[in-house]
Structures are given as C-alpha cells and as structure tokens.
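Just below is one structure, and these are the notes that go with it.
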Amino acid sequence: MRKSLLLGDEAIAQGGIDAGLSGIYAYPGTPSTEIMEFVQHSKQAKELNIQCTWSANEKTAVEAALGMSFTGKRAMACMKHVGLNVAADPFINSAFTGVNGGCIVVSADDPSMHSSQNEQDSRFYGKFSLIPFLEPANQQEAYDMAFYGFDLSEKYKLPVLMRITTRMAHSRAGVQQRDIKKQNNLKLPEDLVQFVLLPAIARKKYKKLLGVQPLLEKESEESPFNFYKDGSDKKLGIITCGIAYNYLMENIQNTNLNYPVLKIGQYPLPKKMIEKIYNECEEILVIEEGMPFVEEMLKGYLAKGKTIKGRLDGTLPRDGELTPNLVAVALGLTDTKGKDVPQVVVPRPPSFCDGCSHSDTYIALNEALRGYDKYAVFSDIGCYTLGALPPYNAINSCVDMGASITMAKGAADGGLHPSVATIGDSTFSHSGITGLLDACNSRSQVTIFILDNLTTAMTGGQDTPGFGKIEEICKGVGVELEHIRVIKPLKNQHETNVKIIKEEIEYKGVSVIIPRRECIQTLNKKNKEKFKNK
Amino acid sequence: MRNDIIISGVGGQGIVSISAIIGFAALDAGLFLKQSEVHGMSQRGGDVQSHLRISDKEIYSDLIPKGKADMIISVEPMESLRYLPWLSAEGWLVTNTNPFINIPDYPHIDKIMAEIKSVKNNIAIDADTIAKEIGSVKAANVVILGAASPFLNLPYEKFQGAIKFIFGKKGDAVVNLNLAALEAGRKFSEKNK
Ligand SMILES: Cc1ncc(C[n+]2csc(CCOP(=O)(O)OP(=O)(O)O)c2C)c(N)n1
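In order, the protein sequences belong to chains A and B. According to the numbering used here, the first sequence holds residues 1 to 534 in order. According to the numbering used here, the second sequence holds residues 535 to 727 in order.
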C-alpha cells in the first residue's frame, strides 16, 4: 500500500477515522485546527457518518466527546494547548468518571509561541489528571497512537491525552495506513452512577484512579512507543520525549557518539526504564520539547542525585522550541551556520489584509475616542488583535478568549469611562456571551464591539458557532434593542460610524456595536469557488 | 541522496504549491520526505517558510539544521535573504526578483539584489514577467520551481508528473500552462547558472 503524505494533525485524524471514530469535537486553534478540518473534508468520514461539526468552545467539545463515549462509541476532542485550560473542568473530572467508549483528547502545544499567548506544556495536565498520555515522535506514530489510544482508553475506561507540538502538527511525512476498524455499537455504561460525581461517589472514583496508577506505569514499560537503545558509552544517558528524539538522531546518526538513549512516547513515565538509564550512566541529559517536565521530576527539588542536564541548568534554553542546532550544542557537537542575515532584511510582522473590515473599525473607533483623556480598549484574540500594532495602536489588552468584555466590565466598575471592548464573532460565541450577561446584570457602562466578519478568520476561516444569531443573543442576555447597533465598516461610512460610536460611548449602560462585513479572505475564497464552478 | 530545501515567501503567496509539487515528485521517486510548514498567525502577511527534506534514507528532524540547506527557493527577494543562516556554503539560492511590499520600511530593491548576487550560487529570476508571457502571472511559483529544478536530485519527468497530477483536476489548459512555466524556469537557470 502506498504511503499517504499527511501532516501530523491529519495523521491523527486519519488514524481516528480508521480506528472506528464516531464523533470528533473541536474548536479551532493553531496548531490543532487541521485535525477537525481533515475529518470534515474526508470522503471516508462522510460515508461513515462521523459527527464533525465545530463546537462553541473547547469545554463544550470535551463534554460532547464524553457524552459520545457514554454511548460506548469512540470520540475525540481536539484543541490547542490554551484550549485545554478552557476545557480543564470536564477534562480533569473525566478522569474521575472514566469513559465508556474510547476517548482521546488531543492538545497541541505551541513552543516558541508561533501563534499563541503562552507556551504551556500539556503534559502537566496529563500528570495532574492521572490519566495515560501519549506524545508521538513522528507522523506514523501519530497515526498509530489513535488506534493504540482508543484501545488503551477502553481497556482502563479512562480518557487518554495526546500531546503534540507545532512541528509535529504541521509537518508532513509518509504514513502507512492500517485495516479499518468498525465503529462501536451503542452500549450504555453498566454502572448507572459511573458519571455521577457526587462527593461520596467521587471519593470512590478517586481511590480507583489512584489504584490503577501502577498498571498505567506498567503499560508504559511495555509500550511500543517507549524504548531503550543501549550504547557503549555510559558517561551520558539521554532521555528524549516526543519529537526531541528526532533532533537527537539527526545529530548523532553519522557520528561515533554511542550513548544509551531512552525514547519516551507514553506516560506516566516508565519508571523501570528510567531507573535503568539513571543507574547505568554517569550523567543524564533530558531533551524534551516544551517545559522541563521530565527533567524536573528526575532532578527533584533539592537536586541531590546525579547530574541531570537539560533546560534547567542551561544545557538547553529554558524556553522556546528545540531545534537541531540547540540539541547539537547540548551534545557538545559543533554548531553549524551559514551566512548571517544581511542588514538590509527588515522584519515583516503579520498585518491586516488589504480591505480588512477590522482596520476600518479601528480607524473609526480611534477617531471616536479622540478627546477623551482616560480610556481603554480591551481586546481579545483573533485577527483584530493586530490592531495593537502601528499605525492603529488601538487596543490595550489581549489576555484570553472572552476577556475583553469582562475586563471592560471590571474597568467600568472601577470608574473608567470610556471602557470599550473589541471581540470577534467567533470569540464572542466561544466565551463572550457569559461576560455580556454579567455586564448587563450590573448595568456597567461599557461599549462592546462584536466584530462580525462572519467567520473565524485567524485560524483559516471556519464557520462561527454564533453565525446569524448575534443580535438575538445580545437581546437575550439583556442588551436593550436600541443599543444594539449594526454598522458597516467601510471607508465611505466612516463619518456615520464615528457618530454612532460616540453616541454609544456616552450611553450609561451596556451597548453593543456590531461592525459587520465579510472577511476579505473568505470572500475571495468564495468568489474563486464560484468562478471554478462556472 | 539528500536535498534539504527552505522555501520562503510572504503569507498568502502560496509557497505550499511549490512544496506540494516537489513533495509529490519525491514520493513518486520512492524517496523519504518531511515537510514542515507554517500555519496560523504569520500567514496574515508575515514572513513564512517551509522546510522540505527529501532523502533515500530515513529522515529524523522536521527542521533543517542551520548551515545545512542545499537550497533556498524564495518567491520574494528580501525573504530569500532571511534564511541565509540555513544555507550551506555550496548551496543554491533561487529567488523571484519581484518584491512584495506590505511594510513601510521595505529596503531599496538594489540593496537586496546586491546581497542576493553576493551569494556564491544564486539564480535571480523575474518569474512574474516570464509567467505573464506564458499566459498567467499565477504560474510564477512554478517558474521559480523550474528554475530550481536543475539543482535538485530529482528527474525532470517527476516534476512534470507531479504537475499533471496536482493540477489535473483544473483541466488541460492549467496543466499545460504550468508545464510551460516549469520549462521556462528551467531554461532560464540552464542559461544563467
Ligand atoms: C482558548 C483558545 N482557543 C482557541 C484559540 C485560537 N484562536 C485564536 S483567534 C481565534 C479565532 C478568532 O475568530 P474571531 O473572534 O471571529 O476573529 P477573527 O479572527 O475572525 O477576526 C481562535 C480560534 C485561542 N487563542 N485560545
């Protein structure tokens, strides 16, 4: 069978489909978005009737996956790393309830923050929740781990976390597919209170979860994704996690370095394997993508044992993504480099597209705010965050999805006026609605812009959960109808828009302005499709 | 056999089509391949690059080490220079000469060209004009790929096959346009190398 060329994300999706997936739930977020998109575009998934519509946010995604698993079927929930913060409540508790059908939660980390607000390492969530977790080193493993992960999940009736990072998610390689598994039949949990976390039940569940830990450790000892490669030179033992193994092999493949290597792809850590390499070698080097998760565990707080090298002692940088060059230096090999970047090269930061509706909105907003001496524009996450850059310099915050409305409310409560929020339509459906309810309940004097470009632009133009319902939602949570103002963000509407914004800023309550114009990227895409079909 | 290639440009310029063609050609030739690309934030008009590695042996790292790339293929001249730390001393720099100006401080093109010319092995090609002459500026990326093709260890027919496969759905006219673009780029390099 010919190998198919798949992104890491796509390999996970194809693996899931082939392993009998019945439903996938996700909210977009780089670098995880392509997992869901692959299923949505897959003919095979369509024929198999696999459920694959976007969820409103990561929390609803994990809960829906848990519900699918309740019926005995296999489910996946996918998100970027910060999405797991949003979904942390159901995620942690699902370790207590356990699952019925196999359930895999995929969390895609973004070390070096190529498209993110932080570089948290999802493995901490794996340890925190006490469930087994997987970290593929290559696309083939990513594919295989979907099969393996579902089986493991059903064997222990626990959710399984799969942690990937940007390079794994967005790198393509050949993947060999396996025979397809049929989807599970509907089969409800035998224990009627399995999912009822009343304290008395939860306490039992917790003891059970603790009790199963030695078995999970044993699974890791025997896992096909963990192996020990002996070496003759015991001066150093090297432990690698996930794709760090690739950077190690890249560097040592044509050298005479011959250190023992422990490659880890399944957690909880395989204790016996760790003990073996620790006891046999004089020093240990830990190479892991992300935070020093394994390194910290081995080293211990007082660091009284053998020398453990890695990100904590400066052998590797404390933060940021690994590269083959960084690993070369950590191994004492020479660092290679071509010419320096010539001085004429200047940075080219991302920026609004030509004709973007957000830029017209910010120009109008900036003008409306001129003349006020103290004010703030709390913003959110999406293309419109680029309003922070010159020439706009239009926003004062970007913290986490939904935080614009709630921070503006808090600041207004603290006496700030104007207190403005700008939030995208997708972000509003993700986690802006509850904040708007809060603002309405306290009648805070805030002006909230819901920037409706009819899509989730930043992540490539996915459908927005609240599409076509925004005014209704605002009305429903308590915004007065006269203060829901829809404007058209266009240069030729500038004067009108400024006037409306000024009026609403002066309104002593919650007002919502909805600048509505389609994203120029999705519009172009649609026009191209039309042209093609002619 | 091993080719490590950096492909660069500006978000939205469609560098993926170049890596897709090389990728298909490499797979068709029975080679191993890894291709790491940029998604997300920087696609909004920022600088983007893709690491493409093909080899007859297993490839480990998704990223090319600095100083080891055999080639930089760039659809934009300033962007071709951003990745010089990756290019090996004997590596080729193949770039379009048409600047994509979306920043206020874009340097003067002469200064950029001088730096490009100072790279030992370089091909600077006005791919936009060549593509227009053939029929559509849309084929500029394939012209650049054609210009890169003589320095890659893949038979020319494999590139042609990949184009036929990838553009096949869009009809014969598009396939022929891109085959002509590939050919024109290749001829340019053979004359100017
Ligand atoms: C918790 C969380 N989930 C997902 C993301 C990824 N993300 C960043 S911006 C964005 C979409 C924003 O869409 P929208 O609010 O409509 O604004 P637009 O980009 O269309 O302007 C997403 C999904 C994130 N940063 N944090």
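Idealized CB from N, CA, C, for every residue including glycine.
- Residue side-chain check: C398 of chain A keeps its Cβ at 6 Å or more from all non-hydrogen atoms of ligand 1.
- The segment 385–441 of chain A contains, as complete beta strand (DSSP E) runs of 3+ residues, the segments 419–424 (chain order).
- Using a Cβ-Cβ cut-off of 7 Å, N492 of chain A does not count as an interface residue toward chain B, since no Cβ of chain B sits closer than that to its own.
- The continuous alpha helix (DSSP H) containing E280 of chain A extends over residues 271–280.
- Nearest to G548 of chain B by alpha-carbon distance, out of B:E571, B:F558, B:N537, B:A560, is B:E571.
- Interface criterion met: the Cβ of K337 of chain A is under 7 Å from a Cβ in chain B.
- Contact annotation: P292 of chain A and G310 of chain A have beta-carbon atoms nearer than 7 Å.
- DSSP links D452 of chain A through a beta bridge to A:R516.
- Within the DSSP bridge table, the entry for M162 of chain A names A:V106, A:L134 as partners.
- Under the three-state reduction of DSSP output, Y362 of chain A falls in the helix class.
- Nearest to E63 of chain A by C-alpha distance, out of A:A88, A:I50, A:H41, is A:A88.
- Here S32 of chain A really is in contact with M79 of chain A; their C-beta atoms are around 6 Å apart, less than 8 Å.
- Excluding residues up to 5 positions away in sequence, F558 lie with their Cβ nearer than 7 Å to the Cβ of F699 of chain B in the same chain.
- Counting C-beta pairs with one atom in each stretch, the segment 107–115 of chain A and the segment 65–76 of chain A have fewer than three that are closer than 8 Å, which means they do not touch.
- The residue from B:G705, B:I541, B:S723 with its alpha-carbon nearest to that of M605 of chain B is B:I541.
- At least one beta carbon of chain A lies nearer than 7 Å to the beta carbon of E571 of chain B.
- Rounded to the nearest whole angstrom, the CA to CA distance from P28 of chain A to K651 of chain B is 43 Å.
- Rounded to whole angstroms, the gap between the alpha carbons of K234 of chain A and P260 of chain A is 7 Å.
- Residues of the same chain with a CB within less than 6 Å of the CB of S94 of chain A, apart from the 5 flanking positions on each side, are L66, P159 in chain order.
- Around the beta carbon of F96 of chain A, a 10 Å sphere encloses 16 or more other beta carbons of the protein chains shown; the residue is thus reported as buried.
- By the criterion of at least three beta-carbon pairs nearer than 8 Å, the segment 222–234 of chain A is not in contact with the segment 190–205 of chain A.
- For W620 of chain B, the nearest CB of chain A lies under 7 Å from its own CB, placing it at the interface with that chain.
- The Cβ neighbour count for I180 of chain A, taken over all protein chains shown within 10 Å, is under 16; the residue is labelled exposed.
- For V82 of chain A, the distance from the CB to the nearest heavy atom of ligand 1 is below 6 Å.
- Proximity of the beta carbon of G242 of chain A to ligand 1 is not indicated: no heavy atom of the ligand is located closer than 6 Å.
- The Cβ atoms of E288 of chain A and C241 of chain A lie closer than 7 Å to each other.
- With fewer than three CB-CB distances shorter than 8 Å, the segment 513–532 of chain A does not count as touching the segment 579–591 of chain B.
- Chain order gives the chain B residues near V344 of chain A as M612, L615, P641, H642, K645, I646, A648, E649, where near means a beta carbon separation below 9 Å.
- Positions of the beta strand (DSSP E) runs, each at least 3 residues long and wholly inside the segment 601–653 of chain B, are given as 603–608, 621–630 in order along the chain.
- Residue-level contact check: E250 of chain A touches chain B, since one or more beta carbons of chain B fall below 7 Å from its beta carbon.
- The closest heavy atom of ligand 1 lies 6 Å or more from the beta carbon of C78 of chain A.
- Taking the C-beta atoms as reference points, R485 of chain A is found no nearer than 7 Å to I470 of chain A.
- Contact annotation for P633 of chain B against chain A: no contact, minimum CB-CB distance about 11 Å [criterion: below 9 Å].
- According to the DSSP assignment, M145 of chain A belongs to the alpha helix (DSSP H) that extends over 139–156.
- Straight across, the Cα-Cα distance linking V344 of chain A with P599 of chain B is about 23 Å.
- At a C-beta separation below 8 Å, Q253 of chain A has these neighbours in chain B: Y594.
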